[in-house]
Structure formats: structure tokens, C-alpha cells
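J.: Here you go, one structure.
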Amino acid sequence: MLIRAFIPAHITAFFVPVLHEEPLKAGSLGAGVNLSKGTNVFASIETGTLERHVHVAFNGEPVKKEEAEITYYVAEKLVPKDFLGEVEVWQYFDFPNGYGFGNSAGGALGTALTLSYAFGGTWLRASQLAHEAEVKHKGGLGDVIGQLAGGIEVRIKPGAPGIGVTDNLFFEDYKVLVVPLGRLSTKEVLDGDVVKAIEAEGRKALEELLKDPKPERMMVLARNFAEKTGLLSGELLEIARELDRALKNPSSMIMLGKGLFALVQEKEEENAKNLLADMSLPYDIAEIYTERPKVGRWVE
1 MLIRAFIPAH ITAFFVPVLH EEPLKAGSLG AGVNLSKGTN VFASIETGTL
51 ERHVHVAFNG EPVKKEEAEI TYYVAEKLVP KDFLGEVEVW QYFDFPNGYG
101 FGNSAGGALG TALTLSYAFG GTWLRASQLA HEAEVKHKGG LGDVIGQLAG
151 GIEVRIKPGA PGIGVTDNLF FEDYKVLVVP LGRLSTKEVL DGDVVKAIEA
201 EGRKALEELL KDPKPERMMV LARNFAEKTG LLSGELLEIA RELDRALKNP
251 SSMIMLGKGL FALVQEKEEE NAKNLLADMS LPYDIAEIYT ERPKVGRWVE
């Protein structure tokens, strides 16, 4: 049996980490956007062996348990202890790991959905398990519930799916331009001194967005958040200012990755592409993904 899930990449525009000793009550407030590119997860289940085996691979390469703690945590919870057979989980990422596209949550949620589909379960229990795995292993706090929401989402109450609350912004004619430049450790940022500034500026941004819930306002607030917290600075800030010259809305920093994103209209795409090409910078453009993640039996 081969099951496939697609989980959209998720970019956080601004956020407030909310920690709690119970993983399902931990989460984040904030806003973000889901992309039509993301993580594809395939789960292959074969019976007939004498033992229970679980294997994980990223982009076609097998990974050890310590390199995929979140995925193995999910799999161990969902593959029955008395199952005799081979379970292989293959995760393919459209964006690099550690760049702020929610790959960790995409892998966790995709694994939870495919294995729940195969062995029995529900969407809510699967997504709560993915969230729990993310929180326990410090992969992230709000990506799972954001990916479930689709579109341009706003997290207005923290927590796992079923506990946290999300809303969505209406939008027209926008795509998402991304400029992925490097990795940034979520764990290191959340363990650092910048957390107080993130909490203060994130709450202000959320309050202001809820007063005027529009994607254009979100981008202004995201940029203010990125600069006031000091997360967006130096060369990355200079690139953002250059990019702003080609766009109606300000660009901002991908939270948390060394990169930028912007909402662009079709008439702006060519200028933005030319500018980034002149600067020899990598970029990609994706649609905004408005559905919930997909899961089902894979038929080639």
C-alpha cells in the first residue's frame, strides 16, 4: 500500500511564541501564508516480514533516527506495536530544510496523515500528534495549525489543532515571491535574548492586523516586526529595500530563515525577477494554497 500526502510550505510573517508544559497548549500567535509548493510525503506499508521495521528518507536519501526525530516520533506512535512488516516514509521537500518554509511540520503532518490513513485515525488526532512532535523536539510552534488553515492565515489563539484558533484573510491576485538565502535555527532564536522583543512586537502586530485584516496591512506589519526585533538587518535588510523598489507592498523576512518573501501581483513579477537576477539571487514564485492538506492512496 502506498499513501501520499501533500502539505503546503508555510511562511510565518510575524509571531508570538506561547510556551506551555502541555505540548497541545503550546503554540504561537501571528500570521502567515501557505504556498502551492511544499512537502510531499509517501508512506509505503508492506506486510509479511517477521519483525516491525520503520525507515525514513529525505529527498530520496535514508536518514538515521537522530536526524529525523520528529518523523520517527510520529511513526512510533502510529504504527501498531504488533504490526509485522516494513513501513517506509519518504519525504520530498520543494524548499531547503531550515530556511523557514515549515518543512519540519510538513514532514510531521504528512507522516501523521499518511500513517493514520493506513492504520486508522482521524485528521484531528493526526494533526495534534504532529504538533506535539514539533513542540517536543523544538521543530516549531505554529506551522502545523497554520498549514491546516490554508491561505493567508492568522493565529488568534495558541495551541494545537482543536485547541488553537485560526482565521483567514481575503485576498485577490497575489502570488508569493520567495528569496531563500540560508538557514536560521528556530531553537537558537527562541532560546536567545530576542524573545522579549518578538513577544512585544508580535502582539502589537497581531492587534493591528485584526483592526485592519488585509494582506497589504499584514506585509507592512511583518516588515515592522522584522526590523524592530532586529531579526531583519544587515545585508538582508539591504536586499529587502532593493526589492521594495519593484513592488507595491513591502517585502519582509521569512520567520525563521535567512530569506525574504513578498506578495506580488502579476504585473510586478517581471520587474522583481529582473531585479533579483541582476543581483544574482535565487528566487521562486508560488501560488497561495487555499485548501487543506491532501492525503489519499497513491495510484501512478
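The sequence shown finishes on residue 300 if you use full-length UniProt numbering, and the numbering steps up by one all the way, no holes. Note that beta-carbon positions come from the ideal geometry of N, C-alpha and C, so glycine has one too. Treat the numbers as computed from the prediction; the structure is a model and nothing was measured.
In its own chain, which residues sit with a C-beta less than 6 Å from the C-beta of residue 8, not counting the 5 before and 5 after it?
T.: Sequence index remark: in the sequence shown, residue 8 carries index 8 (1-based). Around residue 8: 34, 35, 38, 147, 289.
J.: Return the chain-ordered ranges of every alpha helix (DSSP H) run that is complete within the segment 132-188 and spans a minimum of 4 residues.
T.: Within the segment 132-188, the complete alpha helix (DSSP H) runs of at least 4 residues are 143-149.
J.: Name the DSSP beta bridge partners of residue 90, please?
T.: The residue you call residue 90 lines up with position 90 of the sequence shown. Partner(s): 42, 57.
J.: So, helix, strand or coil for residue 243, using DSSP?
T.: To locate residue 243, count along the sequence shown from 1; it is residue 243. If DSSP states are grouped into helix, strand and coil, residue 243 belongs with the helices.
J.: Give the DSSP-derived three-state secondary structure of residue 36 in the structure shown.
T.: In the sequence shown, counting from the first residue as 1, residue 36 sits at position 36. Looking at residue 36 - three-state DSSP - the assignment turns out to be strand.
J.: On the criterion of 16 or more Cβ atoms from any shown chain inside 10 Å, does residue 229 qualify as buried, or is it exposed?
T.: Here residue 229 refers to the residue found at position 229 when the sequence shown is read from its first residue. Buried.
J.: Rounded to whole angstroms, how far is the Cβ of residue 16 from the Cβ of residue 132, which I believe are closer than 8 Å?
T.: Here residue 16 refers to the residue found at position 16 of the sequence shown. Here residue 132 refers to the residue found at position 132 of the sequence shown. Rounded, the Cβ-Cβ distance is 20 Å, inconsistent with contact.
J.: When you compare each of 171, 63, 6 to residue 294 by their alpha carbons, which one comes out closest?
T.: For the purposes of this step, residue 294 is taken as residue 294 along the sequence shown, with counting starting at 1. The shortest Cα separation from residue 294 among 171, 63, 6 belongs to 6.
J.: Considering Cα atoms alone, identify which of 206, 180, 61, 274 is closest to residue 102.
T.: For the purposes of this step, residue 102 is identified with residue 102 of the sequence shown, where counting begins at 1. Residue 180 is the option with its Cα nearest to residue 102.
J.: Could you tell me whether the Cβ atoms of residue 43 and residue 74 are closer together than 8 Å?
T.: Along the sequence shown, one-based indexing puts residue 43 at 43. Along the sequence shown, one-based indexing puts residue 74 at 74. No, the Cβ-Cβ distance between residue 43 and residue 74 is not below 8 Å.
J.: For residue 18, list the residues DSSP reports as bridge partners.
T.: The residue labelled residue 18 in the question sits at position 18 within the sequence shown. Partner(s): 27.
J.: Residue 280 by DSSP, collapsed to three states: which one?
T.: To locate residue 280, count along the sequence shown from 1; it is residue 280. Residue 280 falls in the coil class under three-state DSSP.
J.: Thinking C-alpha only, which one of 214, 20, 145 is nearest residue 125?
T.: Working through the sequence shown from its first residue, we reach residue 125 at position 125. Residue 125 has its Cα closest to that of 145, out of 214, 20, 145.
J.: Measuring alpha carbon to alpha carbon, tell me which residue in 271, 264, 220, 275 is nearest residue 285.
T.: As a first step, residue 285 must be located in the sequence shown, where it is residue number 285. Looking at the Cα atoms, 264 is the closest of the given residues.
J.: Under a three-way DSSP split, which group does residue 4 fall into?
T.: The count along the sequence shown starts at 1 and reaches residue 4 at position 4. Correct three-state label for residue 4: strand.
J.: Please return the same chain residues whose Cβ sits closer than 8 Å to the Cβ of residue 266, not counting the five positions on each side in sequence.
T.: Walking along the sequence shown from the start, residue 266 turns up at place 266. Counting only Cβ-Cβ distances below 8 Å, and skipping sequence neighbours, we find 173, 175.
J.: At what residues does the alpha helix (DSSP H) containing residue 296 begin and finish?
T.: As a working note, residue 296 is residue 296 in the sequence shown. Not the alpha helix (DSSP H): residue 296 falls in the beta strand (DSSP E), residues 294-297.
J.: Tell me whether residue 245 is buried or exposed, calling it buried when 16 or more other Cβ atoms sit within 10 Å of its Cβ.
T.: Within the sequence shown, the letter at position 245 stands for residue 245. Residue 245 comes out exposed.
J.: Look at the alpha carbon of residue 116 and the alpha carbon of residue 123, and state the distance between them as a whole number of angstroms.
T.: For the purposes of this step, residue 116 is taken as residue 116 along the sequence shown, with counting starting at 1. For the purposes of this step, residue 123 is taken as residue 123 along the sequence shown, with counting starting at 1. Taking the straight line from one Cα to the other gives about 8 Å.
J.: Are there 16 or more other CB atoms within 10 angstroms of the CB of residue 249, so buried, or fewer, so exposed?
T.: What you label residue 249 is simply residue 249 of the sequence shown in a count that begins at 1. Residue 249 is buried by the Cβ-count criterion.
J.: Taking only the alpha-carbon atoms, compute the straight-line gap between residue 56 and residue 4 and give it to the nearest angstrom.
T.: Residue mapping note: residue 56 aligns to position 56 of the sequence shown, counting from 1. Residue mapping note: residue 4 aligns to position 4 of the sequence shown, counting from 1. Roughly 14 Å separates the two Cα atoms.
J.: Does DSSP put residue 77 in a helix, a strand or coil?
T.: For the purposes of this step, residue 77 is taken as the residue at position 77 of the sequence shown. Reduced to three states, the DSSP call for residue 77 is helix.
J.: State buried or exposed for residue 255, treating a residue as buried only when at least 16 other CB atoms are found within 10 Å of its CB.
T.: Your numbering for residue 255 matches position 255 in the sequence shown. So residue 255 counts as buried.
J.: Which partner residues does residue 258 have in the DSSP bridge list?
T.: Start at 1 with the first residue of the sequence shown, and residue 258 comes out as number 258. Answer by DSSP bridge pairing, in chain order: 182.
J.: May I ask you to report which of helix, strand or coil DSSP gives residue 215?
T.: Here residue 215 corresponds to residue number 215 of the sequence shown, with the count starting at 1. Correct three-state label for residue 215: helix.
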